[in-house]
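>
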Amino acid sequence: MLESAFNQLKLSGETDDFENFLFLLEQRKKQGQNYVIMKSIPKRLHYRLVKENFIIKREEIKINKFIFFKKSTLHYVIRPSN
128 MLESAFNQLK
138 LSGETDDFEN
148 FLFLLEQRKK
158 QGQNYVIMKS
168 IPKRLHYRLV
178 KENFIIKREE
188 IKINKFIFFK
198 KSTLHYVIRP
208 SN
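Under the working numbering, residues 128 to 209 are what the sequence shown spells out, in order.
(1) Can you give the Cα-Cα distance for leucine 152 and isoleucine 164, rounded to whole angstroms?
(2) Between the Cα of aspartate 143 and those of Gly159, Leu176, Lys166, spot the shortest distance and give me the residue it belongs to.
(3) What does DSSP give as the partner residue(s) for methionine 190 in the beta ladder?
(4) Near phenylalanine 145, what residues of its chain come up, given a Cβ to Cβ distance below 7 Å and the 5 sequence neighbours on each side ignored?
(5) For a quick check, are the C-beta atoms of tyrosine 203 and glutamate 186 less than 9 Å apart?
(6) Quick check on DSSP: helix, strand or coil for tyrosine 239?
(7) From glutamine 158 to isoleucine 190, what does the alpha carbon distance come to, in whole angstroms?
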């Protein structure tokens, strides 16, 4: 099922989201981080990351502004599986 969805997205239009992601990951590795944080992941990239066995973890950060205002944001932490 995952293969067919990936093939459909591949046929719909070829973009190099995965190459851009790998370039970004290499830049982060040079800085000493072995992960990338993204606010959203395109479907095409998500399927490719699953296919390539990357670990995708969804996390929530709570931000306090002043004393009374609280805001929570969601982001994805993407790591290569070792």
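Every residue, glycine too, gets a C-beta built ideally from N, C-alpha and C. Quick caveat, the model's predicted, so the values are computed rather than measured.
Looking at the atomic coordinates:
(1) Reading the sequence shown from its first residue, position 25 is the one you call residue 152. Reading the sequence shown from its first residue, position 37 is the one you call residue 164. Approximately 10 Å between the Cα atoms of the pair.
(2) Against the sequence shown, residue 143 aligns to sequence position 16. Looking at the Cα atoms, Leu176 is the closest of the given residues.
(3) One-based indexing of the sequence shown puts residue 190 at position 63. It is isoleucine, not methionine, that sits at residue 190 in the sequence shown. DSSP lists Lys198 as partners of isoleucine 190.
(4) On the sequence shown, position 18 is the one that residue 145 refers to. Cβ within range, chain order: Leu172, Arg175.
(5) Indexing the sequence shown from 1 puts residue 203 at position 76. Indexing the sequence shown from 1 puts residue 186 at position 59. A contact, by the Cβ cut-off of 9 Å.
(6) The chain is shown only over 128 to 209; residue 239 falls outside these bounds and no answer can be derived.
(7) Working through the sequence shown from its first residue, we reach residue 158 at position 31. Working through the sequence shown from its first residue, we reach residue 190 at position 63. Their backbone Cα atoms lie some 25 Å apart in a straight line.
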